[in-house]
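Colleague: Chains as they are written, first to last, in the working numbering: chain A, 44 to 440; chain B, -7 to 317.
Where is the CB? At the ideal position from N, CA and C, for every residue including glycine.
Bear in mind the structure is a predicted one, so any value in this text is a computation, not a measurement.
Dumping the structure here so I can ask a few things about it.
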């Protein structure tokens, strides 16, 4: 039994053996593979040093390892062995990546890839022999959960719409409804703007003026580059800034024309994780991460930890499950998960997104959590964040 | 003022004696550990503030030392169990522990403290007299609730991450069993006689009742509160009365405390307390229940006979546990 490498082969063997031996001989081995980019601009030294809020602070392997260690002994007792590996891909040659995944017989994939590469891989999903459970741990694009969705694809990082809804709830709860909206000049900024506008509409916030900003000190561009000119009028409660790069948003608080809070990509920011949150066992997890990496745990680390934790939890509950059964347990939303956010989390059956609370953070502190108190939902309060069942664009459930 | 306070305490004690002959009256009755201001808040039976006793940092679980005059308190940020003399009004000694102790249990003879230590996921036994660790036993990740059986033979430890209760045999210093319970198990209570071990499951919104003889969950107790969803209910603090008839379960974010019939496992009633009900404690004659409200920084006093909250009084900043004498 110890020689078993593939979960499939081992299970066949064990089922056969059950007729002859006591139940305790069950053994299965599970390969978890993190797929990242070889030259990922997010992990370049300069980018990491800039430390824009909401961006990853390093590769997600350590966080995944922490989750594995938490449940390893339990899983071993029930005959399940989990192995974690990572590989770095050039982001172009899908055939090469498929060959590598198939060679390693990975049953669980953690994708730390940009949206386009994740989509490219899921388009050839049928060629992966194990039909793995795939976790998106680093992309917030709603399209991956919507039109591009896939029955095997789960998302532990919150989507852009979830973050936008969290912020909109926060502003509506305070009655800070009037805003000046500043949007970056990149196409991604415009896409993000469209997502956030849907939340702004849902919660009855008012965009008093919308302006495009540019990163420039050029006096000829001062209308778009000078924060004071951008935020002087009309009257508003907050300045909302949407900036996928992060440089402009980081410098905006306290540089506005009027004393108004900045929210969105700078100032008060919605996040999946923040190390200042003190409840629900969160500090213990952040502390474990800090000890191993000497870094603050970021949202992407949490999403990586949560992906392994989700798989391990499903396996711990039903140790003799097949991969297909584990996927069903997770995707159907019947397995509740502990994300150290205070409430039981689960995946939405309609699009594979992990429902979860969102931290509202600024600088070193967490102001609070969304869903905010008083927000109602007919079934599940966490589904006030992001695409709810009737509005989901996912057709392959 | 001093005179007045003493007088009113005596007056209350006298009337309590009329109602219940067994009532044990001393000057102070209720002790609440307050995590964020590093004190034990001392209150009269009726909630009147007496004083705050400074302790080691981030005091959480408390237990009486054998003398009955000292409180042992786990201090998460000082890595020690502080020993607080209530008469002297100060911490007089400390038992160094591993990192960030939260819950502990004393052996029946008071000589050993069993402490859950997150670092290395273990339950560590300390000799109180010599202040030396005696042995440690590996548990699941994030060990939390600890309970030592009255016969001194076993120690139960919950693991929040692996959703299980670990059973440690003290004589052989090894884990001898493990029982799967609900999600995020927190605290433990044993029925008198030890036939049933109750476990609160914070994320499972339930209490698992373990048959200690065959070490299996015989019943999972669910709670219902009108107008609330299951996910709003997060049980943590719990106690079982010495007559074994009633269990009190603090329902966390549901802001209520539940009274449960131990024999039938039926919830008799739920009582509204404060924000995020956490620790629970009874006074000496069992007539009053004290409920610590972690997020409203107060303590609710419940009249047990009528099942009504009498009043709620301030109790530090992020209060954790309550004990009485």
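#1: Cβ of residue 114 of chain B within 7 Å of Cβ of residue 131 of chain B?
#2: What residue ranges within the stretch 329 to 395 of chain A form continuous beta strand (DSSP E) runs of no fewer than 3 residues, ordered along the chain?
#3: Examine chain B for any beta-carbon lying closer than 7 Å to the beta-carbon of residue 90 of chain A, and answer yes or no.
#4: Measuring straight from C-alpha to C-alpha, what distance separates residue 38 of chain B and residue 50 of chain B?
#5: Please report how far the alpha carbon of residue 307 of chain A lies from the alpha carbon of residue 270 of chain A, in whole angstroms.
#6: Residue 387 of chain A to residue 176 of chain B, Cα distance in whole Å?
#7: Could you tell me whether the Cβ of residue 28 of chain B comes closer than 7 Å to any Cβ of chain A?
#8: List the whole-angstrom C-beta distance separating residue 194 of chain B from residue 234 of chain B, where the pair is believed to meet the contact cut-off of C-beta under 8 Å.
#9: Closer than 7 Å, CB to CB, is residue 208 of chain B near chain A or not?
#10: Would residue 400 of chain B and residue 54 of chain B qualify as a contact pair, given that the criterion is a beta-carbon distance under 7 Å?
#11: Exposed or buried, residue 178 of chain A, counting other C-beta atoms within 10 Å across all chains shown (16 or more means buried)?
#12: Could you check if residue 283 of chain B is buried or exposed, using at least 16 other CB atoms within 10 Å of its CB as the buried criterion?
#13: Provide the residue span of the beta strand (DSSP E) that contains residue 269 of chain B, from first to last.
#14: Could you tell me the distance, in whole angstroms, from the CA atom of residue 264 of chain A to the CA atom of residue 429 of chain A?
#15: So residue 131 of chain A contacts chain B; which residues on that side make the cut at Cβ distance below 9 Å?
#16: How far does the alpha helix (DSSP H) with residue 188 of chain A in it reach, from first residue to last?
#17: By a C-beta neighbour count over all protein chains shown, 10 Å radius and 16 as the cutoff for buried, is residue 247 of chain A buried or exposed?
#18: Kindly indicate the opening and closing residues of the alpha helix (DSSP H) around residue 144 of chain A.
#19: At what residues does the alpha helix (DSSP H) containing residue 220 of chain B begin and finish?
#20: How is residue 200 of chain A classed by DSSP in three states: helix, strand or coil?
#21: What three-state label does DSSP hand residue 82 of chain B in the structure shown?
#22: What ranges does the alpha helix (DSSP H) occupy inside the stretch 262 to 299 of chain A, keeping only unbroken runs of at least 4 residues that lie completely in it?
#23: Contact check, residue 220 of chain B vs residue 192 of chain B under 8 Å by CB: the rounded distance?
#24: Roughly how many whole angstroms lie between the Cα atoms of residue 322 of chain A and residue 437 of chain A?
#25: For the stretch 361 to 370 of chain A against the stretch 162 to 171 of chain A, do three or more pairs of beta-carbon atoms, one drawn from each stretch, fall closer than 8 Å, so that the two count as touching?
#26: Below 9 Å between beta carbons is the criterion; list the residues of the stretch 398 to 414 of chain A that meet it against any residue of chain B, in chain order.
#27: Does any residue of chain A have a CB that is nearer than 7 Å to the CB of residue 154 of chain B?
#28: With distance defined between alpha-carbon atoms, name the residue in A:114, A:230, A:158, A:279 nearest to residue 192 of chain A.
#29: With H, G and I counted as helix, E and B as strand and the rest as coil, what does DSSP make of residue 239 of chain A?
#30: From what residue to what residue does the alpha helix (DSSP H) around residue 112 of chain A run?
#31: Kindly say whether residue 175 of chain B, judged by its beta-carbon, lies nearer than 7 Å to any beta-carbon of chain A.
#32: Using Cβ-Cβ distances below 7 Å, what residues of the stretch 128 to 145 of chain B are close to chain A?
#33: Beta carbon of residue 276 of chain B: closer than 6 Å to some heavy atom of the ligand FMN?
#34: Cα separation between residue 258 of chain A and residue 289 of chain A?
#35: Could you tell me how far apart the beta carbons of residue 202 of chain A and residue 396 of chain A are, in whole angstroms, since I believe they sit closer than 8 Å?
#36: Please report the straight-line C-alpha distance between residue 260 of chain A and residue 273 of chain A, rounded to a whole angstrom.
Modeller: Concretely, from the data shown:
#1: Yes, Cβ-Cβ distance for residue 114 of chain B and residue 131 of chain B is below 7 Å.
#2: You should have 387 to 390.
#3: So no, residue 90 of chain A is outside the interface.
#4: Roughly 25 Å separates the two Cα atoms.
#5: Their Cα atoms are separated by approximately 15 Å.
#6: Cα to Cα, residue 387 of chain A sits roughly 10 Å from residue 176 of chain B.
#7: Cβ-Cβ to chain A under 7 Å: no for residue 28 of chain B.
#8: That belief does not hold up - the Cβ atoms of residue 194 of chain B and residue 234 of chain B are roughly 25 Å apart, past 8 Å.
#9: Taking a beta-carbon distance threshold of 7 Å, residue 208 of chain B does not count as an interface residue toward chain A.
#10: Look at the range of chain B in this structure, -7 to 317, and you will see that residue 400 of chain B is not part of it.
#11: So residue 178 of chain A counts as buried.
#12: The residue is buried, with at least 16 neighbouring Cβ atoms inside 10 Å.
#13: Its beta strand (DSSP E) spans residues 269 to 274.
#14: A straight line joining the alpha-carbon of residue 264 of chain A with that of residue 429 of chain A spans about 36 Å.
#15: Going along chain B, no residue has its Cβ under 9 Å from residue 131 of chain A, so there is no contact; the nearest lies around 29 Å.
#16: If you look at residue 188 of chain A, you'll find it in the alpha helix (DSSP H) that goes 185 to 188.
#17: Around the CB of residue 247 of chain A, fewer than 16 other CB atoms lie within 10 Å, so the residue is classed as exposed.
#18: For residue 144 of chain A, the uninterrupted alpha helix (DSSP H) segment begins and ends at 137 to 147.
#19: Premise fails: residue 220 of chain B is in no alpha helix (DSSP H) and is neither H nor E.
#20: Look at residue 200 of chain A here: in three-state DSSP terms it is coil, with no helix or strand label.
#21: Looking at residue 82 of chain B - three-state DSSP - the assignment turns out to be strand.
#22: Fully enclosed alpha helix (DSSP H) runs of 4 or longer: 265 to 268, 270 to 274, 290 to 294.
#23: Actually they do not touch by this definition, with Cβ atoms about 17 Å apart.
#24: Each residue's alpha carbon lies about 34 Å from the other.
#25: They do not touch, by the three-pair rule.
#26: Cβ contacts with chain B: none found.
#27: Taking Cβ atoms only, chain A reaches closer than 7 Å to residue 154 of chain B, which makes this a yes.
#28: Checking every option, the nearest Cα to that of residue 192 of chain A belongs to A:158.
#29: Residue 239 of chain A: helix per DSSP, three-state reduction.
#30: For residue 112 of chain A, the enclosing alpha helix (DSSP H) begins and ends at 104 to 120.
#31: Yes, residue 175 of chain B lies at the interface with chain A (some Cβ there is under 7 Å from its Cβ).
#32: Residues passing the 7 Å Cβ filter: 132, 133, 134.
#33: Of ligands this structure carries none, so the ligand FMN is not represented either.
#34: Looking at the two C-alpha atoms, the distance is approximately 11 Å.
#35: Confirmed, about 6 Å.
#36: When only Cα atoms are considered, residue 260 of chain A and residue 273 of chain A end up about 13 Å apart.
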